[in-house]
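Contents: one structure, followed by commentary.
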Amino acid sequence: MRVLAAMSGGVDSAVAAALAVDAGHDVTGVHLALSPDRQTLRSGARGCCSVEDAHDARRVADELGIPFYVWDLADRFREDVVDDFVAEYEAGRTPNPCLRCNEKIKFTAVLDRAQALGFDAVVTGHHARLAGGELRRSVDAAKDQSYVLGVLTPAQLASAMFPLGGMTKDRVREIAAERGFAVATKADSHDICFIPDGDTRGFLARKLGSRPGPLVDAATGATVGQHDGTYGFTVGQRRGLGVSVGDQQPRYVLGIEPVTRTVTIGTADLAGVDEITTAAATWTGAAPLLPFRAQVQLRAHGTPVGCEVLAGEDGGLVVRLDEVQRGVAAGQSAVLYEPDAERGDRVLGQAAIRLSGKRQGTVRH
Amino acid sequence: MTNTEPVYLDHAATTPVLPEVLVAMTEQLGRVGNASSLHASGRSARRAAEQSRERLAEALGARPSEVLFTGGGTESDNLAVKGLFWARREADARRRRIVVSPAEHHAVLDSVEWLAKHEGAELTWLRVDPSGRVTPEALAEALGDGSDVAVASVMWANNEIGTVSDIAALAATAHDVGVPLHTDAVQAVGQVLVDFGATGVDALTMTGHKLGGPMGAGALLLRRDAECTPLLHGGGQERDVRSGTLDVAAIVGLGVATVAAVGNRVERAGELARLRDRLVAGVVDQVPDAQLNGAPLDDVVRSGPGRLPGNAHLSFPGAEGDALLMLLDARGIECSTGSACSAGVARPSHVLTAVGADPERARSSLRFSLGHTSTDGDVDALLGVIAPVVERARRAGMGRR
Chain A
1 MRVLAAMSGG VDSAVAAALA VDAGHDVTGV HLALSPDRQT LRSGARGCCS
51 VEDAHDARRV ADELGIPFYV WDLADRFRED VVDDFVAEYE AGRTPNPCLR
101 CNEKIKFTAV LDRAQALGFD AVVTGHHARL AGGELRRSVD AAKDQSYVLG
151 VLTPAQLASA MFPLGGMTKD RVREIAAERG FAVATKADSH DICFIPDGDT
201 RGFLARKLGS RPGPLVDAAT GATVGQHDGT YGFTVGQRRG LGVSVGDQQP
251 RYVLGIEPVT RTVTIGTADL AGVDEITTAA ATWTGAAPLL PFRAQVQLRA
301 HGTPVGCEVL AGEDGGLVVR LDEVQRGVAA GQSAVLYEPD AERGDRVLGQ
351 AAIRLSGKRQ GTVRH
Chain B
1001 MTNTEPVYLD HAATTPVLPE VLVAMTEQLG RVGNASSLHA SGRSARRAAE
1051 QSRERLAEAL GARPSEVLFT GGGTESDNLA VKGLFWARRE ADARRRRIVV
1101 SPAEHHAVLD SVEWLAKHEG AELTWLRVDP SGRVTPEALA EALGDGSDVA
1151 VASVMWANNE IGTVSDIAAL AATAHDVGVP LHTDAVQAVG QVLVDFGATG
1201 VDALTMTGHK LGGPMGAGAL LLRRDAECTP LLHGGGQERD VRSGTLDVAA
1251 IVGLGVATVA AVGNRVERAG ELARLRDRLV AGVVDQVPDA QLNGAPLDDV
1301 VRSGPGRLPG NAHLSFPGAE GDALLMLLDA RGIECSTGSA CSAGVARPSH
1351 VLTAVGADPE RARSSLRFSL GHTSTDGDVD ALLGVIAPVV ERARRAGMGR
1401 R
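Quick note, the sequences are listed as chains A and B, same order. Residue numbers for the first sequence follow our numbering, so the first one is 1 and each next one is one higher. Residue numbers for the second sequence follow our numbering, so the first one is 1001 and each next one is one higher.
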């Protein structure tokens, strides 16, 4: 097959490209330039697609003897990922930009262009298993990235290759070292690539400006403080609330109301939810018949919990959790899995969380 | 991917080393000797370097003492622009203006931008006509009475679209108001007649690897009466303007290559123009809406062709240059989109922007450049694939916003 390898300059995508070459595919490497103002050198584990990262990717491609190009997708990335990220926070939700990037950039903009140029598939260094059109968790539970791929459709998965899902991250680094790739010991990326200093609140403050509003205690309805913008908060957040309420009990963010700019906080007993309402779902395969039982993961690196999935309104879902969960934020994806200890939990699909609450004594945020 | 030798249509980027250059350099590399040393080995090295200087000077209508060997075109451009600016301003503090064409190579553009940012230079951008040419009228207008101008710089032939300016006329115009003219002739030497003395320019940049010589070896031709402040200080080589131990093997290679390129110029230029005209006609025949950028193929200036004979620069509306390049590369055909940033991102060409092309046209362009190893077979290979490649690139382009 003619395969396009998306090469970030990191160790995962380098090894993925190498394995695609080993498998006999005709591989071309592409580095995605996603930031309009590129740093010359990488700074720590944060950020991506600096000039140095492009160089690292090119070095690997040259060693593999494959063609290599840089594609400038900065405009698309800004529109589809960064602007969406800011708008979601502005609307009181907590987006996952990596999931959005996979959905809109890697497996739409890049895949469409690749197919138009005559490629059959896009290979990436994601840690997830993909075989027979079924997307499953990586064997390396700590590195599993199936959550941020849960948004892909059957058509997108049919043109994707994830060669690393069957091996641990340690094994990936071993392969890179065996091949003499300089990136074998390169630090893993963390955090959000377009916020290289890691200060999400500061980034949003620069984009959205100061938008002060009240912090309200859920139990009493009293205003207990002021904040500079709802975008500084995520449901479930405990630290950095900037208030102390008399009883010394820890408070959590329970809800964010963007119109009145109200951030509601409350004690742990109020923070738990066991029912989630979602926007329209996407499925990795044929849409399952509702209702059904599954496991649901509510954030990247979250712990899956058993649930029953029912039909909601407007194509959305109602997800009833077996156990009460805290920190369930609107905007995050509820990714549904079919447990499978042997072959890896299978991703069924996902839907963006809209509302969450308690089935009894309902507190809706 | 293809298993055969690539079809190389990117001679303006670099061109294969001539066999006689390889032989001369290999011989010289085997010999010990610093050209500044006083003993026999040093004398032998110096003799080789000075012979090369004399041959190069003769080939380009310069005196040997006007040849300063450098590390290549970028260094020569930096030395000329910065060195002449500093020296002229030191002689008269009113001289702070630099008059320059917006279609120059980045070695000139970034040098003058740096001088503006750090050294108080004021930049005056020259008008260029739609082919990218600077006219004497435009230069005269920009220079004014010249009293506040440190230096002017106009390239002999453009590296992207191949347009040749009438450098002798421009030098006369600059001298009318007492301003020195530098010209970047990196692409011109070996393709059009370049006579340093007859043209009258004060400084001229040339480099080896565009005419069959080694990379990392070039020269600045600098008139004996031109004051130029050095960039590199040290042992005082090259008239005290460019210190550093002479790279004798590279200098020997540069000399051999320059003599060969200039000596064969008339015959080669005719052959390149024939191949280039075939290439352009063939492409336009298959892709009727392809547009030629730069001067017409048969354009002339006083000194000869108005366009480099080996240059074909074409826009393919609706297709992106980087997609075209990738598709041609996959079919073993090597060309260029013009400029890329340090990370490899294709950028709309500043040259096409300077001549008034819209960004879409600039983004959809490819440069095919022919040189001493080009053949009819190379042109045939391109013509054999260009139509489906453009069609596919156009389809890939439609998915983008």
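Just so it is clear, CB atoms sit at the ideal spot from N, CA and C, and this is done for glycine as well. Note that the structure is a prediction, hence the values are computed from the model and not measured.
Ala1319 of chain B and Val1256 of chain B closer than 7 Å at C-beta:
Inclusion of Ala1319 of chain B and Val1256 of chain B in the CB contact set at 7 Å is not warranted, their separation being larger than that value.
*Distance CB(Leu135 of chain A)-CB(Thr282 of chain A) smaller than 7 Å*: no
**Prompt:** DSSP on Ile366 of chain A, reduced to helix/strand/coil?
**Reply:** It is not possible to answer for residue 366 of chain A, since the shown part of chain A is limited to 1 through 365.
- Query: Any Cβ of chain A within less than 7 Å of the Cβ of Val1389 of chain B?
  - Reply: Not an interface residue.
Boundaries (first-last residue) of the beta strand (DSSP E) holding Gln325 of chain A:
316-325
Let me know if Phe292 of chain A comes out buried or exposed under the rule of 16 or more other beta-carbons within 10 Å of its beta-carbon. exposed
Under three-state DSSP, which class holds Ser1374 of chain B? coil
Exercise. Near Cys101 of chain A, which residues of its chain fall below 6 Å by C-beta distance, leaving aside the five closest residues on each side in sequence?
Worked result: Closer than 6 Å at the Cβ level, and outside the excluded window around Cys101 of chain A, lie Val81.
- prompt: Quick one, which of B:Ala1045, B:Asn1158, B:Ala1121, B:Asp1110 has its alpha-carbon nearest Asp1305 of chain B's?
  reply: In the sequence on display, residue 1305 of chain B carries Pro and not Asp. Comparing Cα-Cα distances from Pro1305 of chain B to each of B:Ala1045, B:Asn1158, B:Ala1121, B:Asp1110, the minimum goes to B:Asn1158.
Can you tell me whether Met161 of chain A is helix, strand or coil according to DSSP? Here Met161 of chain A sits in strand by DSSP.
#### Entry: At least 3 beta-carbon pairs within less than 8 Å: the region 1159-1179 of chain B vs the region 1225-1241 of chain B
no
Buried or exposed: which applies to Ala1040 of chain B, given that a residue is buried once 16 or more other Cβ atoms fall within 10 Å of its Cβ?
exposed
When the Cα atoms are used, what is the spatial distance from Asn393 of chain A to Ala5 of chain A? The requested residue 393 of chain A does not occur in the structure, where chain A is confined to residues 1 to 365.
* Asked: Which whole-angstrom value is the C-beta distance of Gly225 of chain A and Val243 of chain A, which I expect to be below 8 Å?
  -> 4 Å
_Please classify His25 of chain A as buried or exposed, where buried requires at least 16 neighbouring CB atoms within 10 angstroms._
buried
I want to see whether chain A comes within less than 7 Å of Asp1298 of chain B, judged by CB atoms only; does it?
no
Could you tell me whether the Cβ of Asp1329 of chain B comes closer than 7 Å to any Cβ of chain A? So yes, Asp1329 of chain B belongs to the interface.
- prompt: Given 8 Å as the limit, is there contact between the region 180-189 of chain A and the region 10-18 of chain A, that is, 3 or more CB pairs closer than that?
  reply: yes
Query - Proximal residues of chain B, C-beta to C-beta of Gly118 of chain A below 7 Å - result: The CB of Gly118 of chain A comes closer than 7 Å to the CB of Arg1392 in chain B, given here in chain order.
- Query: Under three-state DSSP, which class holds Glu1005 of chain B?
  - Reply: coil
Interface positions of the region 1314-1327 of chain B facing chain A (Cβ-Cβ less than 9 Å), listed along the chain: Asp1322, Ala1323, Leu1325, Met1326, Leu1327
_With the cut-off set at 7 Å, would you say Ala16 of chain A and Leu164 of chain A are in Cβ contact?_
yes
Requested in this report: Use the C-beta contact count for Ala131 of chain A: other C-beta atoms within 10 angstroms, 16 or more gives buried, fewer gives exposed.
Outcome: exposed
Give the straight-line distance between the Cα atoms of Ser1303 of chain B and Val1021 of chain B, rounded to the nearest whole angstrom. 29 Å
Unbroken alpha helix (DSSP H) run spanning Thr1026 of chain B, endpoints = 1019-1029
Decide if Pro1214 of chain B is buried, meaning its Cβ has at least 16 other Cβ atoms within 10 Å, or exposed. Pro1214 of chain B comes out buried.
How about Val1345 of chain B: is its C-beta nearer than 7 Å to some C-beta of chain A?
-> yes
### Message
With three or more beta-carbon pairs closer than 8 Å as the criterion, would you say the region 1107-1122 of chain B touches the region 1163-1177 of chain B?
### Response
no
Query raised in the report: For Pro258 of chain A, which three-state DSSP category applies?
Result: coil
Less than 7 Å between CB atoms is the rule here; does Ala1142 of chain B satisfy it with respect to chain A?
no
Listed by chain order, chain A residues near Ala1362 of chain B by CB distance under 9 Å: Result: empty, since nearest Cβ-Cβ is about 14 Å, beyond 9 Å.
Notebook entry, point to check: Would you call Glu79 of chain A buried or exposed, if buried means 16 or more other Cβ atoms sit within 10 Å of its Cβ?
Noted result: exposed
* Asked: Asp199 of chain A: buried (16+ other C-beta within 10 angstroms of its C-beta) or exposed?
  -> Burial call: exposed.
Point to revise | Closer than 7 Å at the beta carbon, the chain B residues around Pro196 of chain A | key: Residues of chain B passing the Cβ test: none, with the nearest at roughly 15 Å.
Quick check for students: name the residue ranges of the beta strand (DSSP E) that lie wholly in the region 1206-1290 of chain B, counting only runs of 3 or more. Restricted to the region 1206-1290 of chain B, the beta strand (DSSP E) segments that are unbroken, complete and at least 3 residues in length are 1218-1222, listed in chain order.
**Message:** Is the beta carbon of Phe1196 of chain B closer than 7 Å to that of Pro1151 of chain B?
**Reply:** In the sequence under discussion, the amino acid at residue 1151 of chain B is Val, which differs from the Pro named in the question. For Val1151 of chain B and Phe1196 of chain B, no; Cβs fall outside 7 Å.
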